[in-house]
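Undergrad: Handing you a structure now.
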Amino acid sequence: MESNLNLSNKREIIEEGTTFKTDGHGHGEKEFIWRVSKYDQENFLIQYLVSSENRYWTITINCETNSRQ
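Read left to right, the sequence shown gives residues 423 to 491 (this note's numbering).
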């Protein structure tokens, strides 16, 4: 499943396998490479595999509705 994301008047497509780079910070890392490893729009879940020159890690974001409204 893919989703259109509009950032600063640019249309981006988010789907599993989407890859992008950002500037690194700290640890002597020049850039980070991000890959969408899991994307479930219906369940508000996205997971990234992030890598730099010397390490890999996973970031998982899973949002839920606030039932205390």
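Ideal Cβ placement from N, Cα and C applies to all residues, glycine included.
Report the partner residues of Gln469 according to the DSSP bridge assignment.
TA: What you label residue 469 is simply residue 47 of the sequence shown in a count that begins at 1. Looking at the DSSP assignment, Gln469 forms a beta bridge with Lys460, Thr482.
Undergrad: So what does Glu438 bridge to, in DSSP terms?
TA: The sequence position of residue 438 within the sequence shown is 16, counting from 1. For Glu438, which the question treats as bridged, DSSP gives no partner whatsoever.
Undergrad: Just tell me which of Glu438, Ile436, Ile455, Gly439 has its CA closest to the CA of Asp445.
TA: As a first step, residue 445 is located in the sequence shown; it is residue number 23 there, counting from the start. Checking every option, the nearest Cα to that of Asp445 belongs to Ile455.
Undergrad: Which same chain residues, not among the five before or five after Glu486, have their C-beta less than 6 angstroms away from its C-beta?
TA: Along the sequence shown, read from residue 1 onward, the residue named residue 486 stands at position 64. Excluding residues within five positions, none has a Cβ falling inside 6 angstroms.
Undergrad: So for Glu453, helix, strand or coil by DSSP?
TA: For the purposes of this step, residue 453 is taken as the residue at position 31 of the sequence shown. Glu453 falls in the strand class under three-state DSSP.
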